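Before any comments, here is the structure.
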Amino acid sequence: MIETFLIFFQILFIGLLIFYSIPSSIIQVTFNSSSLNLLMINLIIFMNILLIYSFFAIGNIYLFFVLFFSSLYLFMKSNKKKYFHFKIEYLLIYFYIFSISIVIANQLELGWDAKFFWFLKTISFYQNNNLFDLGKLPATDYPHLGSYIWSFFWKFPFDKFEYLGRIFYVFFYVVSIFYFCETFKTNKLNKIIFASLIILITYNYELFSGNQEVLIFCLVLFSTKIVFEILTKKIKNPKFAVILLLLSFNSAIWIKNEGLFLIGFMLFLILILGNLNLTEKRIICFGSILAIMIRLIIFKFQNSGLESFEFEKTLNLEFFENIIVNLKTIFFYSTVYILSLPAILLGLILMFVNLYLFKVDKVQIFIISYAILNIFFILAAFLLSVENVEWQVRVGLKRVMFESSSFYLLTSAYLFNKLKE
Amino acid sequence: MLKKNKFKQNVSLYLILFFLIFVSLIKIDFFRQFYFMYTNNYDQRMINKYGYCGKDSYGFLMDLKKKYSFNKNPIILNSKVIPLSTWVLYDSNKEFDKYPKIFLNYQKNPSLVFKNYNNQFVSQGHVQLTDMLKDITINTPNKELILDNKIIISKFHNKKKMIIFEKKINGVISKTKTISTNFKTDVFNSRWGNFLIEIDDFDYNKNEIISIILNFRNKYNFNEEDIIFSKENCFYVK
Numbered sequence: 032m033i034e035t036f037l038i039f040f041q042i043l044f045i046g047l048l049i050f051y052s053i054p055s056s057i058i059q060v061t062f063n064s065s066s067l068n069l070l071m072i073n074l075i076i077f078m079n080i081l082l083i084y085s086f087f088a089i090g091n092i093y094l095f096f097v098l099f100f101s102s103l104y105l106f107m108k109s110n111k112k113k114y115f116h117f118k119i120e121y122l123l124i125y126f127y128i129f130s131i132s133i134v135i136a137n138q139l140e141l142g143w144d145a146k147f148f149w150f151l152k153t154i155s156f157y158q159n160n161n162l163f164d165l166g167k168l169p170a171t172d173y174p175h176l177g178s179y180i181w182s183f184f185w186k187f188p189f190d191k192f193e194y195l196g197r198i199f200y201v202f203f204y205v206v207s208i209f210y211f212c213e214t215f216k217t218n219k220l221n222k223i224i225f226a227s228l229i230i231l232i233t234y235n236y237e238l239f240s241g242n243q244e245v246l247i248f249c250l251v252l253f254s255t256k257i258v259f260e261i262l263t264k265k266i267k268n269p270k271f272a273v274i275l276l277l278l279s280f281n282s283a284i285w286i287k288n289e290g291l292f293l294i295g296f297m298l299f300l301i302l303i304l305g306n307l308n309l310t311e312k313r314i315i316c317f318g319s320i321l322a323i324m325i326r327l328i329i330f331k332f333q334n335s336g337l338e339s340f341e342f343e344k345t346l347n348l349e350f351f352e353n354i355i356v357n358l359k360t361i362f363f364y365s366t367v368y369i370l371s372l373p374a375i376l377l378g379l380i381l382m383f384v385n386l387y388l389f390k391v392d393k394v395q396i397f398i399i400s401y402a403i404l405n406i407f408f409i410l411a412a413f414l415l416s417v418e419n420v421e422w423q424v425r426v427g428l429k430r431v432m433f434e435s436s437s438f439y440l441l442t443s444a445y446l447f448n449k450l451k452e
Numbered sequence: 024m025l026k027k028n029k030f031k032q033n034v035s036l037y038l039i040l041f042f043l044i045f046v047s048l049i050k051i052d053f054f055r056q057f058y059f060m061y062t063n064n065y066d067q068r069m070i071n072k073y074g075y076c077g078k079d080s081y082g083f084l085m086d087l088k089k090k091y092s093f094n095k096n097p098i099i100l101n102s103k104v105i106p107l108s109t110w111v112l113y114d115s116n117k118e119f120d121k122y123p124k125i126f127l128n129y130q131k132n133p134s135l136v137f138k139n140y141n142n143q144f145v146s147q148g149h150v151q152l153t154d155m156l157k158d159i160t161i162n163t164p165n166k167e168l169i170l171d172n173k174i175i176i177s178k179f180h181n182k183k184k185m186i187i188f189e190k191k192i193n194g195v196i197s198k199t200k201t202i203s204t205n206f207k208t209d210v211f212n213s214r215w216g217n218f219l220i221e222i223d224d225f226d227y228n229k230n231e232i233i234s235i236i237l238n239f240r241n242k243y244n245f246n247e248e249d250i251i252f253s254k255e256n257c258f259y260v261k
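Each protein sequence line maps, in turn, to chains A and B. Using our numbering, you'd call the opening residue of the first sequence number 32 and step up by one each time. Using our numbering, you'd call the opening residue of the second sequence number 24 and step up by one each time.
What follows is the structure in structure tokens.
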């Protein structure tokens, strides 16, 4: 019973802390001011605040107090009526987070990589160590933000069970899906139905087993919506949208190495297709280069070798001898995994339906280009594996494909909106 | 009144939503998970999931944590093909020990069984922490089998067959007799994939061999007096 209460209040705590610890006045000016939009944007900003704080060897208790008291102050100051009138979607968001959190609390099982890398990093942060103490753990070149957030919400506010930290992952997952469904041009009830359908087809316990793929899935979903809004000129101030994309990119590169490409491709495509002015293009270029530079510099300070990127071991004669066999293996398993990832399967089918039904526009070019870049990325990543390619593909390909699967949901929103027009 | 009308207009959508929520709850197995969470405390659930001495051996490691204080993070070795259980006892403020002291699911004499499948013998399961192929046992349905053939042990790597070991066998084979090999190798400590055994010029259709067993030496050996605490196949040693 105690655990049920802890879960109940942990969700409230995460929601209120993220929603109120960041002043929403700036965001409201530039964006649609629905609470869900504000929550999602605050969540991306919140992740970046935690990231920056994690670079300093200062106990996270101070950060907690600052965030807690600022959220308390802003909560007191806020117009509660504006945000707190009953809405069925908030109830459902809470309900889904609570239900999945209960499952996590009983299942408890950590994934293979979670036990091997991510949870050890989480323990290190939980025990008040900092980024530069991670050197003695395996896979030092694996980024740390997901583990840092896990440890933060494990410790605050209850400091009781590790799975309380993983509730943040559930929170992010459910909120990002509901946020994405705002893309559909329809009434609230239909949007909720779409969100429930997406949860139904994408949910799997393994997403919350401590592995980090679900966070990238959510960031890709968030970025996809922003890019879609820039392309369809729905955003009043593209400059702020571009900054949000960069913040999402910055979070992603500190969660998993694939984030660099999966959201990097979006930044690249928006540069070409986005009708951005010179200042906005400069922000993207300088912002993304700066984010990558900071990551490389901090890795240099950490003394971590890029042990996951040993090209001298992979780019040899054997690589060229086996390339055909390995390509066949990757294509075979990709086909198998597409069938078990309905978001990709449906997305690819709808991509061709859209091409057949409607005139090719910027959104369609964006979807096709991203899909092609995504396929090339997967091929390159697995062909250049240090370990046996077939083994890597069997254990890792589905998870990498899942990370970008959220992008393909855009095809359904595009089709729906076009049919509505 | 307005709200009622709105509800009546959308009643089919509300029904769809209700149905979706219900299906989602069934998909995530909410009701069963909630029941088990409610009836078992955290430690019981952890032991149910990770085993006492088996799988990650969470129960055994937690017993060690209660009974002994570790100055360094112990190196924990597990004979099962799962990630190391380091996370259970890990203290980030301590260094790691130099030598392994905790052995989970320990097998003093690990062995790998091969069964006949499509004119070759294919390994069933995996072994870990071995450093020597000591000998080979051939199980025959009859008392004795006369062999004058070469036995070849191999593995596929990137779809290419790699021969690991070969030996000419010449003589009478019986259930109790083992073929000594004493071949020092750690290549059998594989987490995935199967090993194959082929016998040259052998008629597999006669079913004269039920199975072949490779017997290994464990890389880590200890005596009774080295053991500080043990339960079943889990050991904490000096």
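Even for Gly, the Cβ is constructed at its ideal location relative to N, Cα and C. These figures come from a predicted structure and were not determined experimentally.
- Straight across, the Cα-Cα distance linking Asn357 of chain A with Phe389 of chain A is about 37 Å.
- At least 8 Å separates the CB of Gln41 of chain A from every CB of chain B.
- Among the CB atoms of chain A, one or more fall inside 8 Å of the CB of Pro106 of chain B.
- Between the region 192-200 of chain B and the region 134-144 of chain B there are fewer than three inter-stretch CB-CB distances shorter than 8 Å, so the stretches are not counted as touching.
- Not flagged as an interface residue toward chain A: Met85 of chain B, since no C-beta distance is shorter than 8 Å.
- Beyond the five residues adjoining it in sequence on each side, Ser254 of chain A comes within less than 7 Å, by CB distance, of Leu276, Ser279, Ile294, Met297 in the same chain, given in chain order.
- When Cβ-Cβ separations below 8 Å define contact, Val46 of chain B makes contact with chain A.
- A Cβ-Cβ distance of about 29 Å is found for the pair Phe189 of chain A and Pro169 of chain A, leaving them out of contact under the 8 Å criterion.
- Among the CB atoms of chain A, one or more fall inside 8 Å of the CB of Asn116 of chain B.
- For Pro169 of chain A, no beta strand (DSSP E) run applies, since DSSP gives it neither H nor E.
- Straight through space, the alpha carbons of Arg197 of chain A and Val134 of chain A are spaced by roughly 12 Å.
- Between Phe144 of chain B and chain A, the shortest Cβ-Cβ separation is not below 8 Å.
- Of the other Cβ atoms in all chains shown, fewer than 16 fall within 10 Å of the Cβ of Gly148 of chain B; this residue is therefore exposed.
- For Ser146 of chain B, the enclosing beta strand (DSSP E) starts and ends at 144-147.
- For the region 102-182 of chain B, the continuous alpha helix (DSSP H) assignments of 4+ residues that do not extend past its boundaries occur at 109-112, in sequence order.
- For Lys287 of chain A, no beta strand (DSSP E) encloses it, and the DSSP letter there is neither H nor E.
- About 5 Å separates the Cβ atoms of Tyr439 of chain A and Ile375 of chain A, confirming a contact at the 8 Å cut-off.
- For Lys146 of chain A, the chain B residues whose C-beta falls within less than 7 Å of its own C-beta are Pro106, Trp110, listed in chain order.
- Close partners of Ile236 of chain B in chain A (Cβ separation under 8 Å) are lacking, with about 25 Å as the shortest Cβ gap.
- Between the region 303-312 of chain A and the region 140-157 of chain A there are fewer than three inter-stretch CB-CB distances shorter than 8 Å, so the stretches are not counted as touching.
- Comparing alpha-carbon positions, the option among A:Asn235, A:Phe202, A:Val420 lying closest to Ile124 of chain A turns out to be A:Phe202.
- When DSSP reads this structure, Leu237 of chain B sits in a beta bridge with B:Leu135, B:Ile159.
- Under the Cβ distance rule, Phe150 of chain A counts among the residues neighbouring chain B, one pair being separated by less than 8 Å.
- Apart from the 5 residues on each side of it in sequence, Lys103 of chain B sits with its Cβ closer than 6 Å to the Cβ of Asn128 in its chain, given in chain order.
- Beta-bridge analysis with DSSP links Ser203 of chain B to B:Asp158.
- Residue contact check for Leu40 of chain B against chain A: a CB pair falls below 8 Å.
- In this structure, the beta-carbon distance from Ala136 of chain A to Tyr194 of chain A falls below 8 Å.
- For Phe184 of chain A, there are no neighbours in chain B by C-beta distance under 8 Å, as the nearest C-beta there is about 17 Å away.
- The alpha helix (DSSP H) runs of length 4 or more contained entirely in the region 119-186 of chain A are, from start to end of the chain, 119-138, 150-157, 176-186.
- A Cβ-Cβ separation of about 13 Å leaves Phe187 of chain A out of contact with Phe77 of chain A under the 8 Å criterion.
- The closest CA to that of Gln130 of chain B, considering only B:Tyr113, B:Tyr81, B:Ile202, B:Gly77, is found on B:Gly77.
- Comparing alpha carbon positions, the residue from A:Asn79, A:Phe192, A:Lys108 closest to Pro54 of chain A is A:Lys108.
- Contact check for Asp172 of chain A and Phe330 of chain A: beta-carbon distance about 7 Å, within the 8 Å limit, so the pair qualifies.
- Neighbours of Gln158 of chain A in chain B, taken as residues whose beta carbon is under 8 Å from its own, are Asp114, Ser115, Asn116 in chain order.
- Residue range 257-260 is occupied by the beta strand (DSSP E) that includes Tyr259 of chain B.
- DSSP, reduced to helix, strand and coil, places Leu48 of chain B within a helical segment of the structure shown.
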